[in-house]
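Peer 1:
Residue numbers (full-length UniProt numbering): 1 to 89.
1. Could you give the distance in angstroms between the alpha-carbon of residue 41 and the alpha-carbon of residue 13?
2. Going along the chain, which residues of its own chain have a beta-carbon closer than 7 Å to the beta-carbon of residue 31, five neighbours each way excluded?
3. Thinking just about the alpha-carbon of each residue, which of 55, 57, 88, 4 is nearest to the one in residue 35?
4. Excluding sequence positions up to five away, which residues of its chain have a Cβ less than 8 Å from the Cβ of residue 61?
5. My guess is that residue 66 and residue 78 are in contact by the Cβ rule of under 8 Å, so how many angstroms apart are they, rounded?
6. Got a sec? Which residues, its chain only, sit under 6 Å from residue 11 by beta carbon, not counting five neighbours each side?
7. Exposed or buried, residue 85, counting other C-beta atoms within 10 Å across all chains shown (16 or more means buried)?
8. To the nearest angstrom, report how far apart residue 18 and residue 25 are at their CA atoms.
9. Hey, quick one: how far does the alpha helix (DSSP H) through residue 35 stretch, first residue to last?
Set out below in structure tokens:
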């Protein structure tokens with residue numbers, strides 16, 4: 001699986017969880033640049049950038065839900081949950 005495919009899989013994994021909590025999100029930074037410029041994730045990009053608005057209580061629920069989903073996926077790992085959740089393949 002290519003790096004781009006892994007990033008796509010992570011984004012497809014995270015977005016339904018954001019939707020579950022009715023969190024407003026958008027693709028950001030290098031991921032947005034790639035989509036606009038190349039209509040795909042840039043070949044040299046190392047991550048998928050998703051920004052979102054949240055309150056503290058939603059953040060805690062989201063972090064717990066991401067941890068649970070990653071743990072049960074057998075595929076993804078959650079890191080940095082105390083500052084901002086980051087999902088790795």
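Cβ atoms here follow ideal geometry from the backbone N, Cα and C, with glycine treated the same way.
Treat the numbers as computed from the prediction; the structure is a model and nothing was measured.
Peer 2: Considering the structure as presented:
1. 16 Å
2. 41, 45, 48, 49
3. 4
4. 21
5. 5 Å
6. 48
7. buried
8. 8 Å
9. 29-38
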